[in-house]
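Enquirer: Counting from 1, one number per residue, gives the positions in the sequence shown under the working numbering.
Quick reminder that beta carbons are idealized off the backbone N, C-alpha and C, glycines included.
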Amino acid sequence: MVDGAFERFQNDRYFRQLILPGVGEDGQRRLGQAKVLVIGTGGLGSPILYYLAAAGVGTIGIVDNDHVDITNLQRQILHWEKDLSRLKTESAREKLQAFNSTLRYLSHATRLTEENAEALISEYDLVIAAVDNREARRTINKACYRLGIPWIDGGIREYIGSVTVFLPPKGPCYECIYRTPTLRPKGPIPLLGALPGAIGSIEAIEGIKLILSIGIPITGRVLVYDAWTGRFDEFVPSQDPNCPICGIKVKGS
Ligand SMILES: [Zn+2]
């Protein structure tokens, strides 16, 4: 592009949020400098990644080791029929690159484990979880609290979705809220496809708010959306003083 053309293109692209209170040019710069790791590129990851890219988040990490399956297409809108059997990170990166070519996308075609979590997460300012199991959330929680990196969790099941923001070292953390181990139900989780669209969008909004330091984060509370009744509700979990991750007693001892 000729001199000034790229700036004009960027100003036009983000115009609607540049005029938004709390964003402006300074906020847009902050978004451009932010590094966000999205773990999972499925039903939740699809809207999260799309909206982070739409907003101009400068560096977006994508973690997934899965391949696109026909049963994914009912909700995972980053992946299309032509992507069947492809690595989800490749499929996601291709769409995002075509959608907003001015950003940096880093693919991590791996499964997040206790062993690699800290090394992976430490390269980013913020983690947004788009996973479907507690084991992954506990791994993310542990690594984020050790590193002092904020993370956002979203969960979905049938007609119910929830979102929470964790801001280490402040508790309660994920471990405080969901300490009681539950058995993962056998078989696939029944799900209305648009629900992860709604919950993932809220996660993306919370991420953008954190980057911009605006608004009130959903922290210290869990936002619950019941799609069946069309109601939002929230509950306030208490911090476990003996929590091995964020517990005051543990830290002080
Ligand atoms: Zn805790």
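Quick one: give me the first and last residue of the beta strand (DSSP E) that GLY155 is part of.
Expert: Position 155 of the sequence shown, counting from 1, holds the residue named residue 155. Segment 151-157, the beta strand (DSSP E) holding GLY155.
Enquirer: Consider the C-beta atom of GLU175 and the heavy atoms of ligand 1; say whether any pair is separated by less than 7 Å.
Expert: In the sequence shown, counting from the first residue as 1, residue 175 sits at position 175. Because some heavy atom of ligand 1 lies under 7 Å away, the Cβ of GLU175 counts as near it: yes.
Enquirer: Given a cut-off of 8 Å on the beta-carbon distance, is the pair ILE218 and GLU206 in contact?
Expert: As a position in the sequence shown, residue 218 is number 218, starting the count at 1. As a position in the sequence shown, residue 206 is number 206, starting the count at 1. Taking 8 Å as the Cβ cut-off, ILE218 and GLU206 qualify as a contacting pair.
Enquirer: By Cβ distance below 6 Å, which residues in the same chain neighbour VAL23 in space, the five residues on each side in sequence not counted?
Expert: The count along the sequence shown starts at 1 and reaches residue 23 at position 23. The residues are GLN17.
Enquirer: Can you tell me whether SER46 is buried or exposed, with buried defined as 16 or more other CB within 10 angstroms of its CB?
Expert: Against the sequence shown, residue 46 aligns to sequence position 46. With 16 or more other Cβ atoms from the protein chains shown falling within 10 Å of its own Cβ, SER46 counts as buried.
Enquirer: Taking the CB atoms as reference points, tell me whether LEU112 and ILE77 lie closer together than 8 Å.
Expert: Taking the sequence shown and counting its residues from 1, the one referred to as residue 112 is at position 112. Taking the sequence shown and counting its residues from 1, the one referred to as residue 77 is at position 77. Result no, Cβ atoms of LEU112 and ILE77 do not sit closer than 8 Å.
Enquirer: In the DSSP assignment, what residue or residues form a beta bridge with PHE9?
Expert: Position 9 of the sequence shown, counted from the first residue, corresponds to residue 9. Residue pairing of PHE9 in beta bridges, as defined by DSSP: absent, with no partner found.
Enquirer: Quick check: the Cα distance between ALA143 and PHE166, rounded to an integer number of angstroms?
Expert: Here residue 143 corresponds to residue number 143 of the sequence shown, with the count starting at 1. Here residue 166 corresponds to residue number 166 of the sequence shown, with the count starting at 1. Those two C-alpha atoms are separated by around 12 Å.
Enquirer: Going by beta carbon distance, what residues of the same chain come within less than 7 Å of VAL131, once the five residues before and after it are set aside?
Expert: Taking the sequence shown and counting its residues from 1, the one referred to as residue 131 is at position 131. Excluding positions up to five away in sequence, the list reads ILE39, GLY40 and ARG137.
Enquirer: Does ILE60 come out as helix, strand or coil in the three-state DSSP assignment?
Expert: In the sequence shown, residue 60 corresponds to position 60, counting from 1. Of the three classes helix, strand and coil, the one that applies to ILE60 here is strand, per DSSP.
Enquirer: Going by beta carbon distance, what residues of the same chain come within less than 8 Å of ALA34, once the five residues before and after it are set aside?
Expert: Position 34 of the sequence shown, counted from the start, is the residue given in the question as residue 34. The residues are VAL57, GLY58, THR59, ASP125, LEU126 and ILE211.
Enquirer: DSSP three-state label for ALA34, please.
Expert: The residue labelled residue 34 in the question sits at position 34 within the sequence shown. Correct three-state label for ALA34: coil.
Enquirer: Closer than 7 Å: is that where the CB of ASP240 sits relative to any heavy atom of ligand 1?
Expert: Numbered from 1 along the sequence shown, position 240 holds the residue referred to as residue 240. The answer is yes for ASP240.
Enquirer: Any idea what DSSP makes of GLY252, helix, strand or coil?
Expert: For the purposes of this step, residue 252 is taken as residue 252 along the sequence shown, with counting starting at 1. At GLY252 the pLDDT is 48, less than 50, meaning the model places this residue with poor confidence and gives no usable figure here.
Enquirer: Using DSSP bridges, identify the partner residues of ILE279.
Expert: As displayed, the chain neither begins before 1 nor continues past 253, which places residue 279 out of reach and without an answer.
Enquirer: Under 8 Å Cβ to Cβ from ALA99, same chain only, skipping five residues before and after it: list those, please.
Expert: As a working note, residue 99 is residue 99 in the sequence shown. Residue 99 is actually Phe in this sequence, not Ala. Result list for PHE99: TYR50, ALA53 and ALA54, in chain order.
Enquirer: Among residues of its own chain, excluding the 5 on either side of SER265, which ones have a beta-carbon nearer than 7 Å to its beta-carbon?
Expert: Any question about residue 265 goes unanswered here, given that the chain covers just 1 to 253.
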